[in-house]
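Engineer: Mind looking over this structure? Questions follow.
This is the structure we're talking about:
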């Protein structure tokens, strides 16, 4: 088992402490449950907006008096307005994380989320339903900033990637559960067809909020607040060692030195996140913002927001069942990504995943553009390559994006930079969700691309390859303080070589470099 400092500030320990150590990992992993809130809401709206009961309540009659529908603008609003709320929620995540802390910030987020769910459940008119989506979005946005931050600051470095990736796995579980619930309730004749699936989200929020009460606070946040004794206790609980042990003391010194070096420059602000300084803050912030944007531009949420509609328009009769299949692929294939992120590294998975998605999406686009909806064999091939595409995303860009954003920022500006990164995810989520009906629908005023929209997604995935090569460093098995050193002393393209040096020389090099850099900063400050 590897030694050296871990991401929490803890160390790998012997067999006598193994039970406590893995209990700490389990506690950190539990917070990933928040991903179910995100995933379930993403998946539930795809089916709800196709249910007859929901359309009769919120839609308008068509030429057939027994058929109700909504316009492209209404569909765009209902689907994408959650992302508008999450955009602002993600930005609010920074002050919430710094003031309330990572732990109580997550609990506060669940309360905001519940307000939105209550509004949606009670709604009988479209405006209240939409406002409920906004409040639910605020809660999900807060969670999307706070949970990866909490996990990155509390998980051991040798398994940090898998722990943070578990957040994405929880998202996929939420999407799958939503697909199953939609399929179970879709044919109910009254409003319970959609009210029960929506109200189930109270259960997910209660589990997360109540469970977080029993978890320790982030040691790094406690040190930032000057509560070193509390940080030692939290660190000991997470790593299975004594709060007075030498290992905990050394790691707290490392975190404190890194923080003091950052503070020597002055109080941090949002503008500090974009400085072109020795720490390469502009590169790091723009990398976080951009990788979240590229994740959305892979087109994955087209499947989970509009998958039911897309499959139905492609001539597939039981689109709800196909939605369950794609959601299952998404969940199952996230597991190899959780395993591979700490074995193969971040850069390699991102590049391989982008190549695989690019190829699959071009094939789907070609198939969709050249076969008729009556071609059963062709439709099966289309579904197969959609599943391959989802598999590549689920095992690479799905989890690894959150891992990278949780690792690359220094403590002094981590909350601010992560909130902007998460907000970027939601901003692009909103834009894509709002634009898709106008791109794919065939009604007047829409582009009518249908499955040809995959030509766009394939092209953006090609751009993902270039972005990863030039902008994403390899950070596996490094502590957060070592990642900070990597940014100061090398570039993403050369990060593999510098990482090997840090891994070889370990704690001594890290502490010596931190001392040297801190002295240099103090001399410059003087």
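Numbering (our numbering), first residue to last: 89 to 614. By construction, the Cβ of each residue, glycine as well, lies at the ideal position given by its N, Cα and C atoms. Since this is a predicted model, take the numbers as computed values, not measurements.
1. What is the residue span of the alpha helix (DSSP H) that residue 241 lies within?
2. Whole-angstrom Cβ separation of residue 170 and residue 511, contact assumed at under 8 Å?
3. Would you say the beta carbon of residue 531 is closer than 7 Å to some non-hydrogen atom of the ligand SAH?
4. Please state whether DSSP places residue 149 in a helix, a strand or coil.
5. Give me the Cα-Cα distance between residue 489 and residue 313, rounded to the nearest whole angstrom.
6. I need the boundaries of the alpha helix (DSSP H) containing residue 198, first residue and last residue.
7. DSSP state of residue 89, grouped into three classes?
8. Compare the C-alpha of residue 565 against each of 550, 552, 583, 579 and name the closest.
9. With DSSP as the reference, label residue 358 as helix, strand or coil.
10. Can you check DSSP and say which residues form a bridge with residue 156?
11. Let me know the secondary structure DSSP gives residue 313 once reduced to three states.
12. On the three-state DSSP scale, how would you describe residue 139?
13. Checking 8 Å against the spacing of the C-beta atoms, do residue 408 and residue 513 come in under that value?
14. Quick one: is residue 336 buried, meaning 16 or more other Cβ sit within 10 Å of its Cβ, or exposed?
15. For residue 224 versus residue 201, is the C-beta distance shorter than 8 Å?
16. Excluding the 5 residues flanking residue 235 on each side, which residues of the same chain have their C-beta closer than 6 Å to its C-beta?
17. Under three-state DSSP, which class holds residue 459?
18. Nearest-angstrom Cα distance between residue 127 and residue 143?
19. Report back the beta-carbon spacing between residue 136 and residue 285 to the nearest angstrom; my notes put them in contact at under 8 Å.
20. Between residue 149 and residue 357, what straight-line distance do the alpha-carbon atoms span, to the nearest angstrom?
21. Under DSSP, the alpha helix (DSSP H) around residue 544 begins and ends at which residues?
22. Should the stretch 383 to 391 be called in touch with the stretch 516 to 530, which here means at least 3 C-beta pairs below 8 Å?
23. What are the boundary residues of the alpha helix (DSSP H) that residue 260 is part of?
24. Given residue 448, which residues of its chain have a CB within under 6 Å of its CB, disregarding the five upstream and five downstream residues?
25. Here's the rule: buried if 16 or more other CB atoms are within 10 angstroms of the residue's CB, otherwise exposed. What is residue 106?
26. Tell me whether residue 366 sits in a helix, a strand or coil according to DSSP, three-state version.
27. Taking the continuous alpha helix (DSSP H) assigned at residue 431, which residues delimit it?
28. Using 10 angstroms around the beta-carbon of residue 153, count the other beta-carbons present and answer buried if the total reaches 16, otherwise exposed.
29. Beta-carbon separation of residue 310 and residue 324 under 8 Å?
30. Mind reading off the beta-carbon distance from residue 615 to residue 220? Whole number of angstroms is fine, and I expect it under 8 Å.
31. Hey, residue 508 and residue 373 are a contact pair by Cβ (cut 8 Å); roughly how many whole angstroms apart?
32. What would DSSP say about residue 535, mapped onto helix, strand or coil?
33. Return the Cβ separation of residue 422 and residue 257 in integer angstroms, given the expectation that the two are a contact with Cβ distance under 8 Å.
34. Does DSSP put residue 348 in a helix, in a strand, or in coil?
35. I believe residue 419 touches residue 261 by the beta-carbon criterion, under 8 Å. Please report the beta-carbon distance rounded to the nearest angstrom.
36. Between the C-alpha atoms of residue 496 and residue 304, what's the straight-line distance to the nearest angstrom?
Structural biologist: Taking the structure as given:
1. Unbroken alpha helix (DSSP H) run through residue 241: 214 to 242.
2. Between residue 511 and residue 170 the Cβ distance is about 14 Å, and since that is not below 8 Å, they are no contact.
3. As far as ligands go, the structure on display features none, and thus does not contain the ligand SAH.
4. In the three-state reduction of the DSSP assignment, residue 149 falls in the strand class, which pools E and B.
5. Linking residue 489 to residue 313 through their CA atoms gives a straight-line distance of about 28 Å.
6. Element bounds for residue 198: 190 to 210.
7. Since pLDDT at residue 89 reaches only 29, below the 50 mark, its modelled position is unreliable, and the value read off the structure follows with that caveat. Looking at residue 89 - three-state DSSP - the assignment turns out to be coil, as it is neither helix nor strand.
8. With distances taken between Cα atoms, residue 565 lies closest to 583.
9. DSSP places residue 358 in coil when its eight states are reduced to three.
10. Looking at the DSSP output, residue 156 sits in a beta bridge with 149.
11. For residue 313, the three-state secondary structure derived from DSSP is coil.
12. Looking at residue 139 - three-state DSSP - the assignment turns out to be coil, as it is neither helix nor strand.
13. Not closer than 8 Å, so no.
14. By the neighbour-count rule (16 or more Cβ atoms within 10 Å), residue 336 is buried.
15. Taking 8 Å as the Cβ cut-off, residue 224 and residue 201 qualify as a contacting pair.
16. Answer for residue 235: 119, 122, 255, listed in chain order.
17. Correct three-state label for residue 459: coil.
18. C-alpha separation (whole angstroms): 23 Å.
19. About 7 Å; that satisfies the 8 Å criterion.
20. Answer to the nearest angstrom: the Cα atoms are 52 Å apart.
21. Residue 544 -> alpha helix (DSSP H) spans 542 to 559.
22. Touching, per the Cβ criterion.
23. Where residue 260 is concerned, the enclosing alpha helix (DSSP H) stretches over 248 to 273.
24. Once the five neighbours on either side are set aside, the close Cβ partners of residue 448 are 473, 476, 477.
25. Confidence at residue 106 is low in this model, with a pLDDT of 48, below 50, so its placement is unreliable and no value can be given for it.
26. Coil, per DSSP.
27. Where residue 431 is concerned, there is no enclosing alpha helix (DSSP H), given that its DSSP letter is neither H nor E.
28. So residue 153 ends up on the exposed side.
29. The Cβ atoms of residue 310 and residue 324 do not sit closer than 8 Å to each other.
30. What is shown of the chain runs 89 to 614, which leaves residue 615 out entirely.
31. About 7 Å separates the two Cβ atoms, so the contact holds.
32. Correct three-state label for residue 535: coil.
33. Their Cβ separation, rounded to whole angstroms, is 4 Å, which keeps residue 422 and residue 257 in contact under 8 Å.
34. If DSSP states are grouped into helix, strand and coil, residue 348 belongs with the helices.
35. The Cβ separation is near 6 Å, so the contact holds.
36. Their Cα atoms are separated by approximately 23 Å.
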